[in-house]
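To keep things clear, I will list the structure first and then write my remarks on it.
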Amino acid sequence: MHRTKHFRVCGFGIILLMACSPGCGTQKRFNSQNQTDERVPATLIYAEGWTDIALVANWAKTSLDHLGHFFTTRNACGKDEAGAISIEHWNKLATAINQVVADEAAAEEYCIPLPEGRSRYMDGTAEVVLSNGKKLALMDSTRGTGGCSKIKNRATAEVVFETLNELVVVADKEGCSVLPY
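145 is the number that this note's numbering gives to position 116 of the sequence shown; each next residue is one higher, with no gaps.
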């Protein structure tokens, strides 16, 4: 009986110690109450009115959620892969998509050249899934070297095309140590 009590007290003490101790690595996270974690950006743009972007390009289906995480059905090594885009890339894309969602569509579709460089991989379509579940086309580049869209503001359309192209490149490289290019 005496051993059982000792074990219960010791076991309770160990559990209490574990519960009260800081988590791994968190003790150096903040040096004072006025300092913040340097890994969190000062400004983070949130998705407003949309939840996902669905992209078909580079022989893959890639989805990007409203937190900057993506999943692609085919990276450069031909495998499914998931990852996240950088905060800078996310903020640029989220700002542009927020603007697209807030604006009305242009009356006429127009086409603009895709970004220089690896734009040949932007050979498909992209649409944003709105918070109400409806889909809004962002671009269609299946008709040639340019991307066609009804995004009202052309400067915003260029940012969308550029950042989606960057997303395709990031998804292509994710989890693939030997790139074919």
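Think of the CB as a built atom: it goes at the ideal place given N, C-alpha and C, for glycine as much as any other residue.
Everything numeric in this text was worked out from a predicted model, so none of it was measured.
Closest to Leu96 by CA distance: which of Lys90, Thr171, Lys163 and Tyr75 is it? Tyr75
Taking the alpha carbon of Asp201 as the reference point, which residue from Ala123, Ile180 and Arg103 has its own alpha carbon closest? Arg103
Cβ shell of Gln62 (< 7 Å), same chain only, five flanking positions each side left out: Note that Gln62 scores 41 on pLDDT, short of 50, meaning its location in the model is unreliable; the coordinates nonetheless yield the value given after this. Result list for Gln62: empty, nothing under 7 Å.
If you draw a straight line from the C-alpha of His98 to the C-alpha of Gly112, how long is it? 6 Å
Is it buried or exposed for Ser206, if we count other Cβ within 10 angstroms and need 16 for buried? exposed
Distance, Cα to Cα, Lys181 vs Val129? 8 Å
Confirm, please, whether the CB-CB distance from Thr72 to Leu196 is below 8 Å. no
Hey, would you say Ala86 sits closer than 8 Å to Gly153, going by beta carbons? yes
Can you check which of these residues, Thr185, Val158 and Ile82, is closest to Phe100 by C-alpha distance? Ile82
Three-way DSSP call (helix, strand, coil) for His118 in this model: helix
Backbone CA spacing between Leu193 and Glu133 [nearest angstrom]: 21 Å
Where does Lys164 sit, in a helix, a strand or coil, going by DSSP? strand
Pairwise C-alpha distance: Cys106 and Ala89: 12 Å
Assign Lys202 to one of three DSSP states: helix, strand, or coil. helix
Should Glu110 go down as buried or exposed, given a rule of 16 or more other Cβ atoms within 10 Å for buried? buried
Taking 8 Å as the cut-off, decide whether the C-beta atoms of Ala184 and Leu167 are in contact. no
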